[in-house]
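Q: From first to last, the protein sequence lines stand for chains A and B. Going by my numbering, the first sequence opens with residue 22, and the numbers climb by one from there. Going by my numbering, the second sequence opens with residue 22, and the numbers climb by one from there. C-beta: ideal position from N, C-alpha, C; glycine also. Have a look at this one.
Number of protein chains: 2
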Amino acid sequence: MIKLDYRFAVKEIIRKNGLGKTEMDAVLKKARTVLKELAKQRAAGGLGFANALSDREMLRKTAELARHFEGRIENVVALGIGGSALGARTLAKALLPEPLAQNPALEKRPRLLVCDNIDPDWLKDIFKIAFSGPSLFLVISKSGATAETGSQLLFLINKLKQVYGEGWKDRLVAVTDPEKGILRKFVNQHHLKSLPVPAQVGGRYSVLTPVGLLPAGLLGIDLEQLMRGAIEMDEMSFKLSKDFGPAELLAAIYFQFAGKGRKILVMMPYSNKLSDFSEWFAQLWAESLGKKYSLAGRPVRAGSTPVRALGATDQHSQMQLYLEGPEDKLVTFLKLDKFSEPLAIPAAPAGLEELSWLTGHSMAELINVELFATSASLAREGRPSLTISIPKLDAYHLGQLFYLFELATVIAGGLWKINPFDQPGVELGKQYTYSLMGRKGFEEKKKELEQFQKKGGQYCWPK
Amino acid sequence: MIKLDYRFAVKEIIRKNGLGKTEMDAVLKKARTVLKELAKQRAAGGLGFANALSDREMLRKTAELARHFEGRIENVVALGIGGSALGARTLAKALLPEPLAQNPALEKRPRLLVCDNIDPDWLKDIFKIAFSGPSLFLVISKSGATAETGSQLLFLINKLKQVYGEGWKDRLVAVTDPEKGILRKFVNQHHLKSLPVPAQVGGRYSVLTPVGLLPAGLLGIDLEQLMRGAIEMDEMSFKLSKDFGPAELLAAIYFQFAGKGRKILVMMPYSNKLSDFSEWFAQLWAESLGKKYSLAGRPVRAGSTPVRALGATDQHSQMQLYLEGPEDKLVTFLKLDKFSEPLAIPAAPAGLEELSWLTGHSMAELINVELFATSASLAREGRPSLTISIPKLDAYHLGQLFYLFELATVIAGGLWKINPFDQPGVELGKQYTYSLMGRKGFEEKKKELEQFQKKGGQYCWPK
Numbered sequence: 022m023i024k025l026d027y028r029f030a031v032k033e034i035i036r037k038n039g040l041g042k043t044e045m046d047a048v049l050k051k052a053r054t055v056l057k058e059l060a061k062q063r064a065a066g067g068l069g070f071a072n073a074l075s076d077r078e079m080l081r082k083t084a085e086l087a088r089h090f091e092g093r094i095e096n097v098v099a100l101g102i103g104g105s106a107l108g109a110r111t112l113a114k115a116l117l118p119e120p121l122a123q124n125p126a127l128e129k130r131p132r133l134l135v136c137d138n139i140d141p142d143w144l145k146d147i148f149k150i151a152f153s154g155p156s157l158f159l160v161i162s163k164s165g166a167t168a169e170t171g172s173q174l175l176f177l178i179n180k181l182k183q184v185y186g187e188g189w190k191d192r193l194v195a196v197t198d199p200e201k202g203i204l205r206k207f208v209n210q211h212h213l214k215s216l217p218v219p220a221q222v223g224g225r226y227s228v229l230t231p232v233g234l235l236p237a238g239l240l241g242i243d244l245e246q247l248m249r250g251a252i253e254m255d256e257m258s259f260k261l262s263k264d265f266g267p268a269e270l271l272a273a274i275y276f277q278f279a280g281k282g283r284k285i286l287v288m289m290p291y292s293n294k295l296s297d298f299s300e301w302f303a304q305l306w307a308e309s310l311g312k313k314y315s316l317a318g319r320p321v322r323a324g325s326t327p328v329r330a331l332g333a334t335d336q337h338s339q340m341q342l343y344l345e346g347p348e349d350k351l352v353t354f355l356k357l358d359k360f361s362e363p364l365a366i367p368a369a370p371a372g373l374e375e376l377s378w379l380t381g382h383s384m385a386e387l388i389n390v391e392l393f394a395t396s397a398s399l400a401r402e403g404r405p406s407l408t409i410s411i412p413k414l415d416a417y418h419l420g421q422l423f424y425l426f427e428l429a430t431v432i433a434g435g436l437w438k439i440n441p442f443d444q445p446g447v448e449l450g451k452q453y454t455y456s457l458m459g460r461k462g463f464e465e466k467k468k469e470l471e472q473f474q475k476k477g478g479q480y481c482w483p484k
Numbered sequence: 022m023i024k025l026d027y028r029f030a031v032k033e034i035i036r037k038n039g040l041g042k043t044e045m046d047a048v049l050k051k052a053r054t055v056l057k058e059l060a061k062q063r064a065a066g067g068l069g070f071a072n073a074l075s076d077r078e079m080l081r082k083t084a085e086l087a088r089h090f091e092g093r094i095e096n097v098v099a100l101g102i103g104g105s106a107l108g109a110r111t112l113a114k115a116l117l118p119e120p121l122a123q124n125p126a127l128e129k130r131p132r133l134l135v136c137d138n139i140d141p142d143w144l145k146d147i148f149k150i151a152f153s154g155p156s157l158f159l160v161i162s163k164s165g166a167t168a169e170t171g172s173q174l175l176f177l178i179n180k181l182k183q184v185y186g187e188g189w190k191d192r193l194v195a196v197t198d199p200e201k202g203i204l205r206k207f208v209n210q211h212h213l214k215s216l217p218v219p220a221q222v223g224g225r226y227s228v229l230t231p232v233g234l235l236p237a238g239l240l241g242i243d244l245e246q247l248m249r250g251a252i253e254m255d256e257m258s259f260k261l262s263k264d265f266g267p268a269e270l271l272a273a274i275y276f277q278f279a280g281k282g283r284k285i286l287v288m289m290p291y292s293n294k295l296s297d298f299s300e301w302f303a304q305l306w307a308e309s310l311g312k313k314y315s316l317a318g319r320p321v322r323a324g325s326t327p328v329r330a331l332g333a334t335d336q337h338s339q340m341q342l343y344l345e346g347p348e349d350k351l352v353t354f355l356k357l358d359k360f361s362e363p364l365a366i367p368a369a370p371a372g373l374e375e376l377s378w379l380t381g382h383s384m385a386e387l388i389n390v391e392l393f394a395t396s397a398s399l400a401r402e403g404r405p406s407l408t409i410s411i412p413k414l415d416a417y418h419l420g421q422l423f424y425l426f427e428l429a430t431v432i433a434g435g436l437w438k439i440n441p442f443d444q445p446g447v448e449l450g451k452q453y454t455y456s457l458m459g460r461k462g463f464e465e466k467k468k469e470l471e472q473f474q475k476k477g478g479q480y481c482w483p484k
């Protein structure tokens with residue numbers, strides 16, 4: 022299993038800024054209380070993301086649909102944004118070669134393209150690739166009403182009809198609400214292939230539902246292993262044994278440091294293949310915990326800010342700041358114990374003898390030495406960090422990681438006393454967008470917007 | 022020219038959290054004092070990144086070397102990390118199609134691959150691509166002693182010799198110090214082609230020297246336009262006219278908000294093509310300003326933390342937190358006034374009528390409406406932001422942007438009273454790495470490291 026090393030978070034090792042035994046015990050006790058409450062919800066059929074793990078029928082259907090397209094497509098093109106995109110992106114980045122290093126036609130394994138933005142210049146490039154070979158398009162949206170995915174879908178259907186005529190229907194699969202929403206209506210009307218997003222699971226907790234599993238299955242990722250990792254993490258976490266589990270530890274440590282002014286959570290894998298895991302975590306944590314009001318309606322402005330970093334690269338970009346700048350950070354390092362190929366560093370040629378200290382080592386060794394050296398130099402400055410070690414980058418351990426962080430986030434929600442499953446803040450921006458785009462029913466927002474549009478002239482450069 | 026709109030940073034518009042007229046005047050006055058001092062340094066031949074703009078000889082040599090390889094290579098592979106990689110990455114991402122949408126053999130324009138990490142699994146992919154067609158390898162390092170670039174270089178030379186024998190020398194070009202360092206020694210010994218990093222310009226300020234210009238030139242980017250944009254921004258900024266320039270405004274606003282607890286600087290382009298610009302800025306800002314001591318030696322823990330975001334995507338990931346979470350952020354939006362192709366949103370097919378409010382608009386319009394809607398909803402919550410508008414994404418405007426942020430960063434350094442050109446904090450981590458890798462001369466650090474290696478056992482999960 023994955024390992025969590027938090028020695029660089031405690032007073033005994035990093036001195037003044039570390040957590041002392043008393044406060045650690047206190048916050049862990051609180052985390053346990055939250056977890057017990059979650060265990061009750063889980064037993065009663067609530068806690069959708071946890072209960073979805075045991076839905077074998079969902080897994081079977083997903084695998085079956087994925088098999089249907091085996092060997093027939095070169096690209097899996099996912100239309101989706103936020104939680105509808107990040108799980109698939111993370112899985113593909115972690116477990117597949119870099120897209121340019123893939124040869125889908127030869128290898129019989131498709132490539133993943135994710136349309137998670139509407140920048141037209143970029144989207145044009147993505148569609149150019151998507152239409153250069155046989156592609157399957159997935160539209161992933163619980164409601165189908167999301168402006169970005171919706172506009173892409175209109176664009177796509179138009180294009181598919183031009184290219185395939187009535188055959189457009191065979192190129193498109195939807196992952197959406199099992200019953201409600203405009204996308205479900207559309208699927209039913211045109212008899213499109215589809216899979217459900219379990220009604221109880223929100224976007225950012227959906228990677229282990231068809232939202233993440235269908236793209237993963239199409240890419241040849243081992244779904245059974247992925248689920249097994251998550252299920253083992255779930256079972257282990259809810260044993261409520263005497264020792265605290267890693268989700269409780271993570272939630273407690275993140276929460277406690279936030280209370281001490283460390284409201285920047287740096288997620289720093291020493292692995293390019295895990296760089297999208299940081300993106301996935303950043304959404305999960307930010308959207309779940311960044312809340313103005315507590316469950317009791319009190320203003321709290323909860324949460325802390327995830328920062329996506331990459332080791333060793335960002336040692337040459339961000340580490341100076343992390344070591345010497347404001348004392349507002351807690352770094353989580355992700356370490357791969359084993360890379361698939363260590364890449365030995367060969368002898369230095371004439372003229373480069375000064376580099377020969379590297380010879381005989383491997384890149385794998387160097388990157389992990391740098392991780393430890395970096396965490397130790399932070400510790401020496403009294404700056405806290407955690408290290409999560411992953412034995413090997415495969416579907417099984419990713420399943421563990423996903424579930425660990427989902428559960429830790431929900432526990433943190435309990436510690437902050439907020440609802441980790443809603444996102445009330447973003448509604449206003451959507452309404453402003455509708456209004457500015459002239460959508461019927463949103464005219465009244467125009468007036469509210471005028472105050473922001475009119476008075477700006479003098480606060481511009483050039484004037 | 023680019024435009025800076027800071028209405029959502031002032032009290033008059035966003036109320037309580039905005040900057041009032043008095044404090045704005047005061048901090049701008051300080052910024053002007055700093056700029057006057059910089060103008061003196063610049064006139065005396067200091068301020069390397071500014072004076073390098075007028076080095077026509079450097080530009081001529083770079084363009085000449087780039088022309089030498091025109092039509093002969095499919096990949097430009099840059100070995101470099103931090104400031105040696107981020108400028109080229111930013112330029113390629115902004116001005117070239119997505120790598121998968123490129124066909125270098127057909128288009129006679131190479132693709133850029135950047136080796137800015139040592140993750141062996143990822144590096145293996147990159148080298149696979151690099152050796153699948155004719156490539157030119159650039160090794161970019163001021164000293165050549167950087168562990169990551171050094172180990173890649175050993176690996177590369179070994180591989181090049183296997184493939185090309187003595188011809189390896191024609192495949193490798195160095196950008197390094199004109200006189201000193203082990204890489205310069207190596208270049209001289211083997212008569213390799215090379216270009217200088219001007220001695221006075223540090224890595225993170227080097228994009229407009231051969232460090233960024235050579236890769237850009239090889240990729241067919243218009244170097245004259247790039248430099249012209251920067252030169253115009255430089256001239257305009259140092260006119261010291263009655264109105265404050267955009268670099269002064271940026272530095273003053275970022276600095277003033279940091280003093281009010283907004284120490285998270287979100288850089289959020291609404292353009293995938295500008296996503297690497299955020300990475301470039303994040304290094305520039307973090308490494309320049311994250312400093313423990315002031316110039317006078319007083320402990321200051323200066324700086325603020327750059328966060329890389331992407332619109333519209335991160336509206337579905339980070340915006341909930343930015344709107345409702347802790348009051349510790351200042352967002353900078355980057356807006357493209359014009360995309361190269363707006364992508365019209367077509368009519369909704371049967372069953373998707375509810376999306377027809379999008380029809381008749383374009384993706385370009387939608388993304389910019391979302392930007393304004395987002396900044397307005399932040400403003401309504403009293404949360405500050407700036408919007409920088411870029412007329413068009415081309416070399417000329419990128420030149421302006423690069424120089425604007427370089428100068429703003431150096432001015433901010435003056436406001437914080439720190440040295441924006443050094444990075445003393447990262448030295449210890451390097452020494453720890455040397456020691457752990459068994460490099461001679463670093464044995465003494467072993468002892469210091471023992472305290473971190475030994476006592477951790479009880480702070481691990483599982484125990």
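By Cβ distance below 8 Å, which residues in the same chain neighbour A/T380 in space, the five residues on each side in sequence not counted?
A: To locate residue 380 of chain A, count along the first sequence from 1; it is residue 359. If we look at A/T380 and ignore the five residues flanking it on each side, its Cβ neighbours are I366, P367, A368 and A369.
Q: Closest by CA to B/L247, which one among B/F423, B/I35 and B/S361?
A: The residue labelled residue 247 of chain B in the question sits at position 226 within the second sequence. Nearest C-alpha to B/L247: B/F423.
Q: On the three-pair Cβ rule with 8 Å, is the segment 294 to 306 of chain B touching the segment 327 to 343 of chain A?
A: Result yes; three or more Cβ-Cβ pairs closer than 8 Å.
Q: Count the other CB atoms within 10 Å of the CB of A/P290; is the residue buried (16 or more) or exposed (fewer)?
A: In the first sequence, the residue the question calls residue 290 of chain A occupies position 269. Classification for A/P290: buried.
Q: Using the Cβ count rule (16 or more neighbours within 10 Å means buried), how would you classify A/R5?
A: The shown model of chain A, from 22 to 484, leaves out residue 5 of chain A, and the question about it has no answer.
Q: Which same chain residues, not among the five before or five after A/R460, have their C-beta less than 7 Å away from its C-beta?
A: Taking the first sequence and counting its residues from 1, one reaches residue 460 of chain A at position 439. Taken in chain order, the list of residues that qualify is empty.
Q: DSSP beta-bridge partners for A/P327?
A: Translated into positions along the first sequence, residue 327 of chain A becomes position 306. Beta-bridge pairing links A/P327 to A/L286.
Q: Along the chain, where does the beta strand (DSSP E) containing B/R322 start, and where does it finish?
A: The residue given as residue 322 of chain B occupies position 301 in the second sequence. It is not in any beta strand (DSSP E) - B/R322 carries neither H nor E in the DSSP assignment.
Q: Measure the CB-CB distance between B/I242 and B/L159 and report whether it falls below 8 Å.
A: As a first step, residue 242 of chain B is located in the second sequence; it is residue number 221 there, counting from the start. As a first step, residue 159 of chain B is located in the second sequence; it is residue number 138 there, counting from the start. Taking 8 Å as the Cβ cut-off, B/I242 and B/L159 do not qualify as a contacting pair.
Q: Can you look up B/N293 in the DSSP assignment and give me helix, strand or coil?
A: Start at 1 with the first residue of the second sequence, and residue 293 of chain B comes out as number 272. B/N293: helix per DSSP, three-state reduction.
Q: Within 8 Å of any Cβ in chain A, is that where the Cβ of B/C136 sits?
A: To locate residue 136 of chain B, count along the second sequence from 1; it is residue 115. Not closer than 8 Å to any Cβ of chain A, the Cβ of B/C136 fails to qualify, so no.
Q: Going by beta carbon distance, what residues of the same chain come within less than 6 Å of B/E169, once the five residues before and after it are set aside?
A: Here residue 169 of chain B corresponds to residue number 148 of the second sequence, with the count starting at 1. Around B/E169: I102 and I139.
Q: Among the candidates A/P327, A/K145, A/G311 and A/G186, whose CA atom is the shortest distance from the CA of A/T353?
A: Along the first sequence, one-based indexing puts residue 353 of chain A at 332. Nearest of A/P327, A/K145, A/G311 and A/G186 to A/T353, Cα basis: A/P327.
Q: Give me the DSSP bridge partner(s) of A/V31.
A: To locate residue 31 of chain A, count along the first sequence from 1; it is residue 10. Bridge partners of A/V31: A/L40.
Q: Would you verify that the beta carbon of B/T230 is, or is not, closer than 8 Å to some beta carbon of chain A?
A: Here the question's residue 230 of chain B lines up with position 209 in the second sequence. Not closer than 8 Å to any Cβ of chain A, the Cβ of B/T230 fails to qualify, so no.
Q: Who are the neighbours of B/R110 on chain A, taking C-beta pairs under 7 Å?
A: Indexing the second sequence from 1 puts residue 110 of chain B at position 89. Near B/R110 there are no residues of chain A at all, since even the closest Cβ is about 11 Å away, more than 7 Å.
Q: Can you tell me the Cα-Cα spacing of B/Q244 and B/A87, whole angstroms?
A: Here residue 244 of chain B corresponds to residue number 223 of the second sequence, with the count starting at 1. Here residue 87 of chain B corresponds to residue number 66 of the second sequence, with the count starting at 1. Before going on, a small fix: residue 244 of chain B reads as Leu here, not Gln. Between B/L244 and B/A87, the C-alpha separation is close to 11 Å.
Q: Going straight from the alpha carbon of B/H211 to that of B/A151, what length do you get?
A: As a first step, residue 211 of chain B is located in the second sequence; it is residue number 190 there, counting from the start. As a first step, residue 151 of chain B is located in the second sequence; it is residue number 130 there, counting from the start. Spanning the two alpha carbons is a distance of roughly 23 Å.
Q: Cutting at 7 Å between CB atoms, please list the residues of its own chain near A/A220, excluding the five before and the five after it.
A: Residue 220 of chain A sits at position 199 when you count from the first residue of the first sequence. Here the set comprises D198 and P199.
Q: Quick one: list the residues of chain A neighbouring B/N293, beta-carbon separation under 7 Å, in chain order.
A: Your numbering for residue 293 of chain B matches position 272 in the second sequence. Chain A residues near B/N293: N138, D140 and W143.
Q: Would you check if the distance between the CB atom of A/L56 and the CB atom of A/L316 is smaller than 8 Å?
A: Counting from one through the first sequence, the residue named residue 56 of chain A turns up at place 35. Counting from one through the first sequence, the residue named residue 316 of chain A turns up at place 295. No, these two residues do not count as a Cβ contact at 8 Å.
Q: Exposed or buried, what is B/Y343 when buried is set at 16 or more other beta-carbons lying within 10 Å of its beta-carbon?
A: Looking up residue 343 of chain B in the second sequence gives position 322. The residue is buried, with at least 16 neighbouring Cβ atoms inside 10 Å.
Q: May I have the straight-line CA-CA distance separating A/Q421 from B/H418, to the nearest angstrom?
A: One-based indexing of the first sequence puts residue 421 of chain A at position 400. One-based indexing of the second sequence puts residue 418 of chain B at position 397. Distance between the alpha carbons of A/Q421 and B/H418 is about 45 Å.
Q: Kindly give me the distance between the Cβ atoms of A/L157 and A/F207, rounded to whole angstroms, as I take these residues to be in contact under 8 Å.
A: In the first sequence, the residue the question calls residue 157 of chain A occupies position 136. In the first sequence, the residue the question calls residue 207 of chain A occupies position 186. About 17 Å separates the two Cβ atoms, so there is no contact after all.
Q: What span of residues does the alpha helix (DSSP H) with A/N1 cover, start to end?
A: There is simply no residue 1 of chain A to check, as chain A begins at 22 and stops at 484 in what is shown.
Q: Would you list the residues sitting across from A/K214 in a DSSP beta bridge?
A: Here residue 214 of chain A refers to the residue found at position 193 of the first sequence. BP columns for A/K214 point to A/V194.
Q: Quick one: does B/P483 have its CB under 8 Å from some CB of chain A?
A: Position 462 of the second sequence, counted from the first residue, corresponds to residue 483 of chain B. Yes, its Cβ sits closer than 8 Å to a Cβ of chain A.
Q: So B/F278 and B/L351 are supposed to be a Cβ contact under 8 Å. How far apart are they, rounded?
A: By 1-based counting over the second sequence, the position of residue 278 of chain B is 257. By 1-based counting over the second sequence, the position of residue 351 of chain B is 330. Contact flag correct, Cβ pair sits at about 5 Å.
Q: By the DSSP assignment, the alpha helix (DSSP H) with A/T19 in it spans what residues?
A: What is shown of chain A runs 22 to 484, which leaves residue 19 of chain A out entirely.
Q: Under 8 Å, do B/L240 and B/V98 count as touching if we go by C-beta distance?
A: Numbered from its first residue, the second sequence carries residue 240 of chain B at position 219. Numbered from its first residue, the second sequence carries residue 98 of chain B at position 77. The answer is no: Cβ separation not under 8 Å.
Q: Please name the residues in the segment 349 to 363 of chain A whose beta-carbon is closer than 7 Å to at least one beta-carbon of chain B, in chain order.
A: Correct list: D349, F360, S361, E362 and P363.
Q: Could I get the ranges of all uninterrupted alpha helix (DSSP H) runs contained in the segment 145 to 194 of chain A, with 4 residues as the minimum, in chain order?
A: Segments of the alpha helix (DSSP H) lying fully in the segment 145 to 194 of chain A: 168 to 185.
Q: Entirely within the segment 65 to 146 of chain A and at least 4 residues each: give me those alpha helix (DSSP H) ranges in chain order.
A: With a minimum length of 4 residues, the continuous alpha helix (DSSP H) runs that stay inside the segment 65 to 146 of chain A are 69 to 72, 77 to 89, 104 to 116 and 125 to 128.
Q: Residues of chain A with CB under 8 Å from B/T380, in chain order?
A: For this step, residue 380 of chain B is matched to residue 359 along the second sequence. Simply L175.
Q: Suppose only complete runs of 4+ residues qualify. What are the alpha helix (DSSP H) ranges in the segment 229 to 269 of chain A, listed by chain order?
A: DSSP runs (the alpha helix (DSSP H)) wholly in the segment 229 to 269 of chain A: 231 to 239 and 244 to 258.
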